[in-house]
Amino acid sequence: MDGELPTAAAPSPYSTREKIARLAWAAVQSTLFAWSFHSCYGWRRLLLRAFGASLHPSCRIRRTVRIECPWNLNIGKDTAVGDGAILYCLGPVRIGDHSTISQRAHVCAGTHDHRRRAMELVRPPISIGSDCWIAAEAFVGPGVTVGDGAILGARAVAFKDMAPWTIYLGNPAQPVGHRAPLKA
Numbered sequence: 109m110d111g112e113l114p115t116a117a118a119p120s121p122y123s124t125r126e127k128i129a130r131l132a133w134a135a136v137q138s139t140l141f142a143w144s145f146h147s148c149y150g151w152r153r154l155l156l157r158a159f160g161a162s163l164h165p166s167c168r169i170r171r172t173v174r175i176e177c178p179w180n181l182n183i184g185k186d187t188a189v190g191d192g193a194i195l196y197c198l199g200p201v202r203i204g205d206h207s208t209i210s211q212r213a214h215v216c217a218g219t220h221d222h223r224r225r226a227m228e229l230v231r232p233p234i235s236i237g238s239d240c241w242i243a244a245e246a247f248v249g250p251g252v253t254v255g256d257g258a259i260l261g262a263r264a265v266a267f268k269d270m271a272p273w274t275i276y277l278g279n280p281a282q283p284v285g286h287r288a289p290l291k292a
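109 is the number of the first residue of the sequence shown in my numbering; add one for each residue after it.
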């Protein structure tokens with residue numbers, strides 16, 4: 109009938125290879141990654157690189173971070189990802205140098221095409237520039253570009269691109285101020 113969702117299962121958006129990789133990563137993340145000491149950043153970088161992540165040697169990722177599809181993750185120099193953050197990397201996620209993703213922030217590079225009955229998976233990339241701060245429990249939606257130096261305040265929700273050196277708060281995130289570019 110018109111307007112009803114199909115009853116047959118839609119084909120999986122994941123290849124067999126990706127299904128196996130996701131299963132293997134889930135096993136590693138829930139054991140070797142999660143059980144490591146808090147200060148074992150090098151160990152966690154090693155595990156992530158083994159699954160295809162591109163990570164600068166100085167980035168710091170806490171053991172309670174949840175990462176989906178690490179092969180789509182690129183993190184720059186001196187960047188930190190805090191406890192409980194979620195990096196949902198169905199599409200490419202790039203985080204620049206000297207940036208912070210705070211506790212329980214959610215970076216979500218995957219969604220569904222709500223305009224189509226089958227609700228196909230789409231994987232728009234997310235780019236977070238250098239010198240950015242995604243504060244505690246903030247949400248960065250699919251396809252968003254966060255300009256260099258931008259701040260997304262605690263629990264703010266960004267579904268649109270964020271201008272460089274601008275501070276955003278609220279849901280939806282709105283610009284509330286500017287910050288000066290940082291000196292070396």
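Here a beta-carbon is modelled for each residue, glycine too, at the ideal position from N, C-alpha and C.
Here the structure is a predicted model, which means the values were calculated and not measured.
Own chain residues within Cβ distance below 6 Å of residue i, not counting five before or after
i    : result
P283 : T274, Y276
M109 : Note on M109: pLDDT 45, under 50, position unreliable in the model; no value is reported.
G192 : T172, Q211, R212
For residue i: DSSP bridge partner residues
i    : result
V254 : I236, M270
Inter-residue Cα distance where the pair is residue i and residue j
i    : j    : result
F267 : L198 : 17 Å
T115 : H214 : No answer about T115 holds up, because its pLDDT of 48 lies below 50 and its placement is not dependable.
C240 : G184 : 12 Å
N180 : I194 : 14 Å
C205 : R224 : Checking the displayed sequence, the identity of residue 205 turns out to be Asp instead of Cys. So the two alpha carbons sit approximately 38 Å from each other.
R153 : V265 : 28 Å
H146 : R170 : 6 Å
R125 : F141 : 22 Å
Run of the beta strand (DSSP E) containing residue i, from where it starts to where it stops
i    : result
H286 : 282-286
R202 : 201-203
L195 : 194-196
H214 : 214-216
Other residues of its chain near residue i: CB distance less than 7 Å, five sequence neighbours each side excluded
i    : result
S123 : none
N279 : A264, V265
Y149 : R168, I169
H222 : none
Residues near residue i in its chain [Cβ-Cβ closer than 8 Å; skip 5 each side]
i    : result
H220 : M227, E228, L229, V230
**Ordered list of alpha helix (DSSP H) runs contained in the stretch 112-192, each at least 4 residues** = 124-136, 149-158
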